[in-house]
Structure formats: C-alpha cells, structure tokens
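Below: one structure, written as structure tokens.
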Amino acid sequence: MGASVVIGARGGIGGALVARLAARPGGGPILALSRTRPENLPPQATWGPIDLSEEASIAAAAAAIDPDTPLDRILVATGRLQALGRQPEKTWRHLDAEALLAAFADNAVGPALVAKHFLPRLPRDRRSVFAALSARVGSIGDNHLGGWYGYRASKAALNQLIHTLAIELARQRPQAICVALHPGTVDTGLSAPFQAGVSAEKLFSPDVAAGRLLAVLEGLTPADSGGFFAWDGQAIPW
C-alpha cells in the first residue's frame, strides 16, 4: 500500500483531507506536509516541513520520504486569494506587479515545483493520483464577470500546468491521474472576507469539502487526467 501525501496540511481543506484519509481503515501511511505542524494531527499521520516558496524545501520534503514507499496519492491543498494581503483587483487600475507575481508564486509556481519533485515517486504499475486545488474563477471559458485579475490568472496558469503535466505523466505512468479540483466555497480563512453573498447551502465546511473531493478523485480514471473538476464531479471548462 502506498502513502498519501497532503501538502498544505495546516490549512482548512488540507487538514480536513488528512482527517478524512486517517479515518479510512487500511488506507496506508499519511504524510502531512506544511510550513508548521498542524495543531490537531491524527495519530495515523506523520508531519513534515515544507515551504512552497523555496524549491530546496520542496526537494528536501520529497527526499525525506522513504524511497521504498510509493506515493499513491499526492494532494496539493494550498493557495492564496489575497496576495500580499491585498484585496482582489476589481479593475485594471488596481493591477500591481508585485501582487501579481506573488499570486503566481503562491498559486502556480509552488504546485508546479511540488510536481517536479513528487511526481517521480508515483508508482509505474498501478493507479495513482496527483491533484491540486484550483478555483472555478480560474476558468477562462467560465469567466463572465471579470475582476480578480491576479487570482484568476494564477489559477488559470495552474490549470494549464496541470494539463501539461498530465500529458508528460501519461507517457511514463499511464495509470496515473493528474487533475485540478475546484472545492466550491469552503468556510476557511481564504474565503472568510467574501462569504457575505454566499448562501448557507453553498458554503461547505472543510470536512464536507474534503469528503466530496476525495469522492471525485475515486471516480476518476486515467482518461480524465489533465482535467479540471468541481466538487460535484462536473468538468469545468478551461
């Protein structure tokens, strides 16, 4: 049995993913990676440090995993909506180079470097999954409102990276699945400032979101690799 790796394990969704995986009987080892140790880490999970802003930290986290332990599931549950603590841009007049670069670093570059160092650990002889949290607003085809330039563009970049990674991954590991996931609006610190207009039935707890995301992943096949899927399993246009 291979291990499950959750990157961003201290966050709301990441922590809930760790808890859900730990509750599964016979689910294999769980590696919870984050900048600092989560406060409520299940006994079935092992914590390790990782900083997605430093490639050396990502490489060290991957190298610290027993080389004889294949990674059957790698979940990147990271992301930032307010780059540098700034509000999402409502107009092009608010565009700022420093904030844009920070958004791309957090939402696209970090997950891409995780893929660089962790994808080689996926098994070659059976099904495995690499998934990263994206957002519906990163869909170019579904963008009808405009605004939120940095967050939209950086998540769109992540989606393209995932799609491109999936093409290369299929040549080496044809049973592997590499996808982007939209968790919906989840009651976490990321969405807290923007929940006023969200109805109660569309605001998910981290536990509910984690359960739905894992269910979506279980239903995917290698033919779905490179896709972008919502919490209900529906494909989202790029």
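Sequential numbering of the sequence shown, starting at 0, is according to numbering that gives the first Met the number 0.
Positions of the beta carbon are idealized from the N, C-alpha and C atoms, including for glycine.
Keep in mind that this is a model prediction, so the values were computed, not measured.
With contacts defined by Cβ atoms closer than 8 Å, V75 and P110 form a contacting pair.
By the neighbour-count definition (other C-beta atoms within 10 Å, threshold 16), S204 is an exposed residue. When DSSP states are grouped into helix, strand and coil, L80 belongs to the coil group.
When only Cα atoms are considered, A2 and A179 end up about 20 Å apart.
The three-state secondary structure of R92, taken from DSSP, is helix. Here T35 is exposed. Its C-beta has fewer than 16 other C-beta atoms within 10 Å. Here DSSP, grouped into helix, strand and coil, assigns R72 to strand.
Relative to the Cα of K89, the nearest Cα in the group L144, L132, S127, L32 belongs to L144. Rounded to the nearest angstrom, the Cβ distance from A175 to F117 is 12 Å, too far for a contact under 8 Å.
DSSP, reduced to helix, strand and coil, places P41 outside both helices and strands of the structure shown, so it counts as coil.
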